[in-house]
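Working notes for the structure below.
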Amino acid sequence: MTYTEVVTKALLRLVPVPGLDKPAALITLDNGFDHKKPNTLGAEGLASLDAAITEALAAQPAFVAVTGKPYIFCVGADVTGLPTITSRDQALEIGRLGHRVFARLKDSTVPTFAFVNGAAMGGGLELALHCHYRTLSGGAAALALPEVLLGLVPGWGGTQLLPNLIGIAPAAQVIIQNPLTQNKMLKPAQAAELGIADVLLEPADFLERSLEWAAAVVRGEVTVTRPEVDKDMWDGVLFFAKKTLDDRLHGAVPSANRALELLGLARDADFASGTAAEEEALADLVMSEELRSGLYAFDLVQRRAKRPAGAPAPGLARDVTKVGLVGAGLMAGQIALLFARRLEVPVVLTDLDQTRVDKGVTYVHGEIDKMLAKGRLDPGKAAKLHGLISGSVDKGVFADADLVVEAVFEDLGVKKQVWAELEKIVKPEAVLATNTSSLSITEMAADLEHPERVVGFHFFNPVAVMPLLEIIRGERTDDATLATAFAVGKELRKSCVLVKDAPAFVVNRLLTRFLGEIFAAVDEGTPLDVANEALDPLGLPMRPLPLMQLVGPAVAYHVGGILHAAFPDRFPVSDNLRKVAESGKPFLVDDQVNPEVAGLLEFGDQPSTPEQVRQRALEALAQEVRLMLDEGVVAEPQDIDLCLILGGGWPFHLGGITPYLDRTGTSERVTGQRFLPRGVASLP
-3 MTYTEVVTKA LLRLVPVPGL DKPAALITLD NGFDHKKPNT LGAEGLASLD AAITEALAAQ
57 PAFVAVTGKP YIFCVGADVT GLPTITSRDQ ALEIGRLGHR VFARLKDSTV PTFAFVNGAA
117 MGGGLELALH CHYRTLSGGA AALALPEVLL GLVPGWGGTQ LLPNLIGIAP AAQVIIQNPL
177 TQNKMLKPAQ AAELGIADVL LEPADFLERS LEWAAAVVRG EVTVTRPEVD KDMWDGVLFF
237 AKKTLDDRLH GAVPSANRAL ELLGLARDAD FASGTAAEEE ALADLVMSEE LRSGLYAFDL
297 VQRRAKRPAG APAPGLARDV TKVGLVGAGL MAGQIALLFA RRLEVPVVLT DLDQTRVDKG
357 VTYVHGEIDK MLAKGRLDPG KAAKLHGLIS GSVDKGVFAD ADLVVEAVFE DLGVKKQVWA
417 ELEKIVKPEA VLATNTSSLS ITEMAADLEH PERVVGFHFF NPVAVMPLLE IIRGERTDDA
477 TLATAFAVGK ELRKSCVLVK DAPAFVVNRL LTRFLGEIFA AVDEGTPLDV ANEALDPLGL
537 PMRPLPLMQL VGPAVAYHVG GILHAAFPDR FPVSDNLRKV AESGKPFLVD DQVNPEVAGL
597 LEFGDQPSTP EQVRQRALEA LAQEVRLMLD EGVVAEPQDI DLCLILGGGW PFHLGGITPY
657 LDRTGTSERV TGQRFLPRGV ASLP
């Protein structure tokens, strides 16, 4: 395994500042690339920063300030080098090196400032926290300590400095809750309000204003006051946080519990003891399987998702200047809003009658108004979006559309009828995309004169939030259609995965198999609570029964029926699920099984233990993944994992699923082989 550090150099210059007798020592972090390759810190980068601090202090400046290249301050440790670490001692040295260099800014007798001009994450934000004062640009794109998501902890002082700066409750939110909530980032105004920054400045002249502000602090004209941190509530906050973690993750994410322990130390431990504990935690976690899976998942999301395997040449894509939506229901409304916001082209909805059309258009306009009220849109943009969204009962409005998306009832006959009508209306080069979640694209297009322009466009609910877009190629879908689908997906800011036309595609096929095994265990006599809690050790985002509630029993039963027809031996139809689906009643009420539904269920006399249910579900997943790869549903196991992470919310510490199946020996036990080579998403 080779690794070459992209070195972020610390470039020093002495800058005269009006009103001060001495110049400021300004250190600019810059790896020599544009903002698309952010500044990171590896061993050589830290050595460069160390040397720059030495040179800066030797110049006896009025103050020392650290800033970044345009748009980027620093996004932390160079995680690309972590997989090459083969011993705990190596990991320990990384923590010690960062602490030693950063501490020079904290311990300096010369005032130190961080001019956070752009994205600051992980070790980059920790670097800023070591400085005595911080200015922050209102244009900074992302501020976060995301380490827990990857399977690490903030290991360069963050767990000790942040709670003593802003208080334990907000620090726990930034360090633990935000990373585990879809890696939530802080906006500059939020960071300033929390007290992470001392002053928020406009981006246009950020550096000049930062130098002026720093000079005023040094001259004593500006006094920075920070509220005293209340240490009486420390234990209570951590107790509540621990309970929340246990209820949600059930101990499956070691990094979260280690972060909690470190936050507990920060209350009374001296800084040296606290950072020494960080080093030990970092060393343990770097040598954990969860961290290796987390790094693999991070790489999938950051790199593979941006270069979809099998996508045609982008130059083949056609321009899209108008979009049509067949259907005006909730899903269609969400899709219409997304197209209008991202493509900024006219979007027109149709449905069976004016009432449905009006309801759909009203929904979209209402969502635009909500974003305006929350400050997420300015009035001009909101007015433009209002003008782009329209509706009609006449499908003739699609005559000049470049892309028409169908989002009607999930029935093959209905969808074929829709396309037959539309083919007579739309222009020959228009792309026809179906938002089906499970039906065959090939069958849907079989009777059309031009089946080559039909493609699957499977969004996930809620459309605005879920980043995955499964793009399904039918047997006759041509490259121009497929290239247009990928180009549009990119404009929509979705992560696109190319999927073969196979029943239920990727996410729904795997989740249906997974839930099918859970329900089969229930049918056999396993108590509902046992089946529901059996997968807790994996730390999945939802237990099976709440997931079933979210999907909807009727939808789950429908998709299960499609898969049963295709693969009857692996996708049996649960009679209990049929009863729940046909009842039309909610499966859960206040997180408890609805008594009215429970009364409909019939149980066998062969209950399973939690361990048996869990093993059964995991073995089923291993079998299904191997079959999907053998069938060529996606190019590689990485695409399976990417789909589960982005479309199912499966956690980084599992690496999606295949690293976990390899790690537990399930892959080899069920299929006779691993999904990934050793050292990929696992320890060497």
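Residues in the sequence shown are numbered from -3 upward in steps of one, following my numbering. Yeah, the Cβ is synthetic: ideal placement off N, Cα and C, and Gly gets one too.
The region 175 to 188 and the region 200 to 212 do not touch, with fewer than 3 CB-CB distances between them shorter than 8 Å. When the five nearest sequence neighbours on each side are left out, the beta carbons in the same chain lying within less than 6 Å of the beta carbon of A48 are those of A6, L8, I23, in order along the chain.
Secondary structure note for S269: its alpha helix (DSSP H) is the uninterrupted segment 267 to 282. Within the region 614 to 677, complete alpha helix (DSSP H) segments of at least 4 residues are found at 633 to 644, 654 to 659, 662 to 667, given in chain order. Boundaries of the alpha helix (DSSP H) harbouring L93: 84 to 102, taken from the DSSP string.
In this structure the region 388 to 404 touches the region 319 to 330; the number of beta carbon pairs closer than 8 Å is three or more. Closest in C-alpha terms to T82, from the list L281, A481, P308, comes L281. Rounded to whole angstroms, the gap between the alpha carbons of D658 and V13 is 59 Å. Taken through DSSP and simplified to helix, strand or coil, E217 comes out as coil. The Cβ atoms of G628 and K496 lie closer than 8 Å to each other.
Taking the Cα of L650 as reference, the smallest distance to any Cα among F335, M181, V676 is reached at V676. Counting along the chain, I23 sits inside no alpha helix (DSSP H); it lies in the beta strand (DSSP E) bounded by residues 20 to 26.
For the set A54, D46, E1, the Cα lying nearest the Cα of N35 is the one of E1.
Taking G94 as reference, the option from F405, L278, N160 with the minimal CA-CA separation is L278.
Distance from the CA of D315 to the CA of T480, rounded to the nearest whole angstrom, comes to 8 Å. The Cβ atoms of L672 and L506 lie no closer than 8 Å to each other. Within the model, the alpha-carbon separation for D587 versus I437 is close to 37 Å. In chain order, P549, A550, Y553 place their CB closer than 6 Å to the CB of A577, counting only its own chain and leaving out the 5 sequence neighbours on each side.
Within the region 489 to 552, the complete alpha helix (DSSP H) segments at least 4 residues long are 503 to 520, 524 to 529, 540 to 547, listed from N- to C-terminus. Taking 8 Å as the cut-off, the Cβ atoms of L384 and V422 do not count as close. For H446, the three-state secondary structure derived from DSSP is coil. Distance check between A328 and each of E402, L197, A21 places E402 closest, using alpha-carbon atoms only. Taking 8 Å as the cut-off, the Cβ atoms of L638 and V484 do not count as close. When the Cα atoms are used, G38 and S289 turn out to be separated by approximately 21 Å. For F335, the enclosing alpha helix (DSSP H) stretches over residues 326 to 339. Within the region 409 to 477, complete alpha helix (DSSP H) segments of at least 4 residues are found at 437 to 441, given in chain order. For I49, the enclosing alpha helix (DSSP H) starts and ends at 39 to 54. Straight through space, the alpha carbons of E274 and L53 are spaced by roughly 28 Å.
A residue is called buried when at least 16 other Cβ atoms come within 10 angstroms of its Cβ; D635 meets this threshold and is buried. Distance from the CA atom of P308 to the CA atom of V344, rounded to whole angstroms, is 28 Å. A direct Cα-Cα distance of roughly 18 Å separates A138 from L203. In this structure, F567 and R472 do not form a Cβ contact; the two beta carbons are roughly 27 Å apart against a cut-off of 8 Å. Exposed is the label assigned to M229, since fewer than 16 other Cβ atoms lie within 10 Å of its Cβ. Beyond the five residues adjoining it in sequence on each side, S579 comes within less than 7 Å, by CB distance, of V593, L596 in the same chain, given in chain order. In its chain, beyond the 5 residues on either side, V3, T4, K5, A6 have a beta carbon closer than 8 Å to the beta carbon of S44.
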